[in-house]
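Residue numbers (my numbering): 79 to 636.
Think of the CB as a built atom: it goes at the ideal place given N, C-alpha and C, for glycine as much as any other residue.
Source: prediction; values computed, not measured.
Contents: one structure, followed by commentary.
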RNA sequence: GCGCCUGUAGCUCAGCUGGACAGAGCAACGGCCUUCUAAGCCGUGGGUCGCGGGUUCGAAUCCUGCCGGGCGCGCCA
């Protein structure tokens, strides 16, 4: 069946047109009719404010128009009743017939129920994390990783063809600094620290010793006597690979897997930077000034022009980023999404301008800014680790609270708001921990289904369930919530907002727990038991679907 | 100084393309386990939506000015 909303939209549109033609107004194009879940109970399963929005168009008071439209709707077999309220809302109460069909659709649809073809099979690339391979990922990267991965899941669920990409910044001065830092530690471990002083602004973390130790194990002391240039080149290469490997491992442990690991070096290896610069020149957006090549970003929304190629011939980060984004679009993506830390927000207008200068609609690039994570331990700030002065690593957090809790917490808030992440709360196994609350609901469903099977109480085929058997407030509320899922998934996709799903699944779990506590399933009269078994099963399926989108396990026992 | 994000209940946050008496979880208080997992449920109290103007029939939501928090303003990445 169609989504509840789509069907309802058709019904309402018909009524609106009818009302309009009675006034002698013909509406070619109707404004889109929006449905939303009313905030309060008693206001129906869905409501629309279309009467208020169209009252001017039809020259009628909102409340009167609402009544008129409502009167035309009450005959629908899908609606139990229609009420008008407040300044002109129309509230819809879904009929048992409809409830029954929703249940049937969920059970028939398997894990795919709620998905859509909004993306139309278009190709979208989500680039995220993309941390320099100069050190371990910290919690901030963790949030970006969770959000990027979940957004990719959501887009795939809503009809996009998705690729996940990690951009490896392995070509800049930072890598030289990394090599020099490791080399210095290597000499230090050999007791010859004075021969290779630690670079100013070098990487001071303990992990540098680990990398240096790995070089000693593999290469012995041979670099103690090698020429510095040869040594530096080796250390840079070795360190970058070693750290990238550990980043890959941390991400895999976190449940994040990329389709493409794109090295900045390949950008230069394939001469993509110079050719991108040529494109800009041809299009008239690059000019020479004082020996450097500049980008005319002031032609767009940026506040000043930016250097692309320095007078010494070295390209800036911005130049390689333009080349990189050109390459992305050249690879045929219809849409590109970058997930960045919020500290890069000043860079957004520049990047948008860059994309535009390449002849691309700036809206083909979405840049999501992820705000900082505030790590807490029982409400007390825990952001710094004691020794290195580094931020707490992602691996530490995942090791302590597990990937499930970490992902759930990272996705819990809007991207652009700061996130308080309490480690103790994330580990707690009680109802104040939202992760367990949701997972427990799923485990409970599984438990009931197991017990039913053990007692030989088979659930009937979904088609045989009459919707009106669900008479209680808890059952109706749960069904109504289940029916919301396609709309919530679509909204999360449009807004690229994982937190919408976190909130939804938390609410759904709550509705299930309420239902479970208020009603027995097993041992009831056969018809009631069968219907409730199916309701429980459908609830479990939708919870599992959402958790899958979040990349969180849906345990069968807890 | 300029720019971006943000300020909603004791705490953490939803709601922000204007609409119904401002919602949820936690914390507090009071109840519910002979029966499908109490990692659960039910109930009670709690808010001048930072402050002042403005637009509107209607503002937490839009505009503007202050105040507070975060982050940026490199030929760094």
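In terms of Cβ geometry, residue 475 and residue 217 form a close pair [threshold 8 Å]. Fewer than three Cβ pairs drawn from the segment 197 to 204 and the segment 155 to 168 lie within less than 8 Å of each other, which leaves the two stretches out of contact. In this structure, the CA atom of residue 557 is about 53 Å from the CA atom of residue 377. For residue 390, the closest of 366, 426, 271, 407 by C-alpha to C-alpha distance is 366. For residue 521 against residue 634, the beta-carbon gap comes to about 6 Å, under 8 Å, which counts as contact.
Within the model, the alpha-carbon separation for residue 505 versus residue 517 is close to 13 Å. Within 10 angstroms of the beta-carbon of residue 421 lie fewer than 16 other beta-carbons, which makes it exposed. It is roughly 7 Å from the alpha-carbon of residue 369 to the alpha-carbon of residue 388. With respect to residue 322, residue 261 sits apart: the two C-beta atoms are not nearer than 8 Å. Counting along the chain, residue 366 sits inside the beta strand (DSSP E) bounded by residues 364 to 367.
Nearest in C-alpha terms to residue 241, of all of 411, 458, 576, 103, is 411. Taking C-beta separations shorter than 6 Å and ignoring five residues to either side along the sequence, the partners of residue 538 in its chain run 608, following chain order. In the structure shown, residue 393 falls within a strand segment according to DSSP collapsed to helix, strand and coil. Under the DSSP assignment, residue 203 falls in the beta strand (DSSP E) whose first and last residues are 201 to 205.
Across the set 138, 120, 330, the C-alpha of 330 shows the shortest separation from the C-alpha of residue 477. In this structure, the beta-carbon distance from residue 401 to residue 446 does not fall below 8 Å. With a beta-carbon spacing of about 32 Å, residue 186 and residue 334 fall beyond the 8 Å limit used to define contacts. Here DSSP, grouped into helix, strand and coil, assigns residue 163 to strand. In the DSSP assignment, residue 419 is bridged to 448. Only exposed fits residue 327, as fewer than 16 other CB atoms lie within 10 angstroms of its CB.
Contact between residue 580 and residue 489 holds, with the beta-carbon distance rounding to 5 Å and staying under 8 Å. Exposed is the label assigned to residue 423, since fewer than 16 other Cβ atoms lie within 10 Å of its Cβ. In the displayed model, residue 273 falls within a helix according to three-state DSSP. Separation of the CB atoms of residue 611 and residue 599 is rounded to 6 Å, and the pair is thereby assigned contact status at 8 Å.
Exclusion of the five residues before and after residue 355 leaves 364, 371, 386, 387, 397 as the residues of its chain whose Cβ lies within less than 7 Å of its Cβ. In the structure shown, the three-state DSSP call for residue 212 is coil.
Residue pairing by DSSP places residue 124 opposite 170 in a beta bridge.
Residue burial is scored here from C-beta neighbours: residue 263 has at least 16 other C-beta atoms within 10 angstroms and is therefore classed as buried. The beta carbon of residue 383 lies closer than 7 Å to those of 372, 373, 374, 375, 376 in the same chain, with the five residues before and after it left out. Counting the other Cβ atoms within 10 Å of the Cβ of residue 431 gives 16 or more, which makes it buried. CA-CA distance, residue 177 to residue 233, rounds to 27 Å. When secondary structure is reduced to three states using DSSP, residue 111 falls in the coil class, being assigned neither helix nor strand.
Annotation: the continuous alpha helix (DSSP H) that includes residue 621 extends over 604 to 628. Residue environment analysis places residue 208 among the buried positions, since at least 16 neighbouring C-beta atoms fall within 10 angstroms of its C-beta.
Contact annotation: the segment 144 to 154 does not touch the segment 180 to 194, with fewer than three C-beta pairs closer than 8 Å.
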